[in-house]
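For this note's numbering, count along the sequence shown from 1 and bump the result up by 515.
First comes the structure, then the notes that go with it.
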Amino acid sequence: MAKYTWLTAALIAISSGVTFYFQTWWTLLAPLTCVITVLSIPHLTSNEQNTTSSNNEQNEQLIANINYLEQEISNYKHQLSQASQNEQLYRSVLDLIPDWIYVKDTQHNYLFANRSFMHALPKLEIGASDDKIMPADFCEKIWRDEQHVIKTGQPIKDVEEQAGDTWYSTTKVQWNDAESKQTKGIIGVTRNVTEAVNNRLRVEENAQLIQKKIARVYEIQEDTAKVKQGANDCSGVVDKMTEIIKQINDGNEKIESTVVLIKGLASQSKLLSINAAIEAAKAGDSGRGFGVVAHEVRELAERSEQAVTEIQAAIDASSIVIKSGTGTMHDTNKAFSVSIKQIEGISESLNGLSDELKAI
Numbered sequence: 516m517a518k519y520t521w522l523t524a525a526l527i528a529i530s531s532g533v534t535f536y537f538q539t540w541w542t543l544l545a546p547l548t549c550v551i552t553v554l555s556i557p558h559l560t561s562n563e564q565n566t567t568s569s570n571n572e573q574n575e576q577l578i579a580n581i582n583y584l585e586q587e588i589s590n591y592k593h594q595l596s597q598a599s600q601n602e603q604l605y606r607s608v609l610d611l612i613p614d615w616i617y618v619k620d621t622q623h624n625y626l627f628a629n630r631s632f633m634h635a636l637p638k639l640e641i642g643a644s645d646d647k648i649m650p651a652d653f654c655e656k657i658w659r660d661e662q663h664v665i666k667t668g669q670p671i672k673d674v675e676e677q678a679g680d681t682w683y684s685t686t687k688v689q690w691n692d693a694e695s696k697q698t699k700g701i702i703g704v705t706r707n708v709t710e711a712v713n714n715r716l717r718v719e720e721n722a723q724l725i726q727k728k729i730a731r732v733y734e735i736q737e738d739t740a741k742v743k744q745g746a747n748d749c750s751g752v753v754d755k756m757t758e759i760i761k762q763i764n765d766g767n768e769k770i771e772s773t774v775v776l777i778k779g780l781a782s783q784s785k786l787l788s789i790n791a792a793i794e795a796a797k798a799g800d801s802g803r804g805f806g807v808v809a810h811e812v813r814e815l816a817e818r819s820e821q822a823v824t825e826i827q828a829a830i831d832a833s834s835i836v837i838k839s840g841t842g843t844m845h846d847t848n849k850a851f852s853v854s855i856k857q858i859e860g861i862s863e864s865l866n867g868l869s870d871e872l873k874a875i
């Protein structure tokens with residue numbers, strides 16, 4: 516009996532040692548060990564009259580049970596160690612992520628925050644809520660969003676918010692218990708997207724600038740078309756003026772022919788008047804009146820000849836001017852033709868530029 520009492524005491528000591536070592540849910544092993552011991556004692560007592568070999572078998576069975584319990588304890592200890600290592604690994608991985616990762620309960624108290632989040636908000640405390648470090652109006656907004664996620668289960672995905680010069684993208688999802696499916700809070704991830712947002716804003720600004728440039732190109736194209744039309748009109752006017760000058764030149768040539776004819780007639784009239792004056796002188800008093808007429812004819816012929824000479828000089832000067840004007844008009848027409856071709860080239864370049872801007 517003393518032997519069994521000693522075994523019982525040993526079992527109790529082992530269970531107490533296990534309880535003291537683990538100090539958690541392993542305390543269940545102590546009652547379990549005691550139960551096994553209590554159940555074993557009546558069996559041992561009832562067999563006190565058995566032979567020594569029977570007692571040895573029972574002792575061996577008891578020792579086997581103890582060894583089994585020790586093995587189970589060792590397995591549980593190994594599992595606990597493995598779980599602790601996994602927890603450390605997961606925590607290390609989360610701490611290496613530059614995004615802010617955090618877990619809140621349904622009352623918006625922080626249950627977990629990775630190193631990046633703790634570094635960004637050094638005053639943040641696990642177990643406390645946002646109102647300890649954030650303004651009240653900001654807390655009301657984020658709490659309203661979080662309550663929507665908690666109650667409806669609808670996540671908030673990639674919501675961009677600006678804080679000063681910094682832009683953040685936040686995603687929040689409902690956190691449920693794996694077994695009971697009861698909602699326990701939210702899991703949030705916040706990322707600094709300032710560079711991406713600034714790049715997007717620059718792209719949008721560039722797109723707007725390109726649209727303005729395209730509109731300006733269209734305006735220049737319209738202006739170019741108007742200038743081209745004006746150049747064509749001017750070229751047409753120059754052509755008409757050239758034709759008119761040609762007609763004037765032709766008229767001058769006709770006038771010049773007429774002047775030559777008149778000049779010839781004047782010369783002949785002068786010659787005839789001289790002859791008439793000679794004949795009148797020969798006739799004496801009877802030819803005096805005829806002499807006066809001959810004198811008047813001669814003076815008229817001289818004045819006509821002088822006038823024709825002046826007209827000829829004017830026509831010659833006009834012809835020089837007309838020839839110069841004709842050359843100028845010809846040069847102007849050539850210049851307009853070159854300008855029109857240049858304008859057409861500019862228009863084609865603008866069309867190509869417009870297409871390139873549209874492609875961008």
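Quick reminder that beta carbons are idealized off the backbone N, C-alpha and C, glycines included.
Predicted model, so just to flag it, every value in this text is computed and none were measured.
Would you identify the three-state DSSP class for D610, choosing helix, strand or coil?
helix
K687, DSSP secondary structure in three states:
It is a strand residue.
Three or more C-beta pairs below 8 Å linking the region 664-676 and the region 639-651:
no
How about N764 and I837: are their beta carbons less than 8 Å apart?
yes
What beta strand (DSSP E) runs, 3 residues minimum, are completely inside the region 569-605?
Counting only unbroken stretches of 3 or more residues, no beta strand (DSSP E) element lies wholly within the region 569-605.
Could you give the distance in angstroms between the alpha-carbon of D754 and the alpha-carbon of S833?
Distance between the alpha carbons of D754 and S833: 20 Å.
Expected contact under 8 Å - CB spacing of K743 and I830 to nearest Å
That pair is no contact at about 40 Å.
Going by beta carbon distance, what residues of the same chain come within less than 8 Å of I665, once the five residues before and after it are set aside?
T621, Q689, T698, G700, I701
Taking the continuous alpha helix (DSSP H) assigned at Q662, which residues delimit it?
651-667
Only counting the same chain, and skipping five residues up and downstream in sequence, which positions put a Cβ closer than 8 Å to that of L604?
none
At which residue ranges does the region 679-726 contain complete beta strand (DSSP E) runs of 3 or more residues, listed in the order of the chain?
The region 679-726 contains these whole beta strand (DSSP E) runs: 681-691, 698-707.
By the DSSP assignment, the alpha helix (DSSP H) with A635 in it spans what residues?
630-635
Would you kindly report the start and end of the unbroken beta strand (DSSP E) that includes D620?
615-620
Please classify H741: does DSSP put it in a helix, a strand, or coil?
The residue asked about is misnamed: residue 741 is Lys in this sequence, not His. Reduced to three states, the DSSP call for K741 is helix.
Assuming contact is defined by CB atoms lying nearer than 8 Å, are Q827 and E771 in contact in what I supplied?
yes
Quick one: Cα of I789 to Cα of K761, how far?
Between the alpha carbons of I789 and K761 lies a gap of roughly 42 Å.
Beta carbon of D614 nearer than 8 Å to that of V704:
yes
Distance between beta carbons of H623 and E661, contact taken as under 8 Å:
6 Å
With 16 other CB atoms within 10 Å as the buried threshold, where does H651 fall?
The residue asked about is misnamed: residue 651 is Ala in this sequence, not His. Classified as exposed, A651 has fewer than 16 neighbouring CB atoms from the shown chains inside 10 Å of its CB.
Backbone secondary structure at L640 - three-state DSSP
Reading off the sequence shown, one finds Glu at residue 640, where the question assumed Leu. In this structure, E640 counts as coil in the three-state DSSP scheme.
Closest to C749 by C-alpha separation, out of S852, Y591, V732, would be which residue?
S852
One or two residues paired with I837 in a DSSP bridge
I837 is not bridged to any residue.
Rounded distance between the beta-carbons of F627 and V618, thought under 8 Å:
4 Å
To the nearest angstrom, how far is the alpha carbon of A740 from that of A730?
15 Å
Proximity of V823 and I777 at Cβ, strictly below 8 Å:
yes
E585 versus S569 - alpha carbon distance:
24 Å
According to DSSP, which residues form a beta bridge with V753?
According to DSSP, V753 bridges with nothing at all.
CA-CA distance, I735 and N747?
For the pair I735 and N747, the Cα-to-Cα distance works out to about 18 Å.
Relative to the C-alpha of W658, which residue among E825, Y625, A678 is closest?
Y625
Three-state secondary structure (DSSP) at I671?
strand
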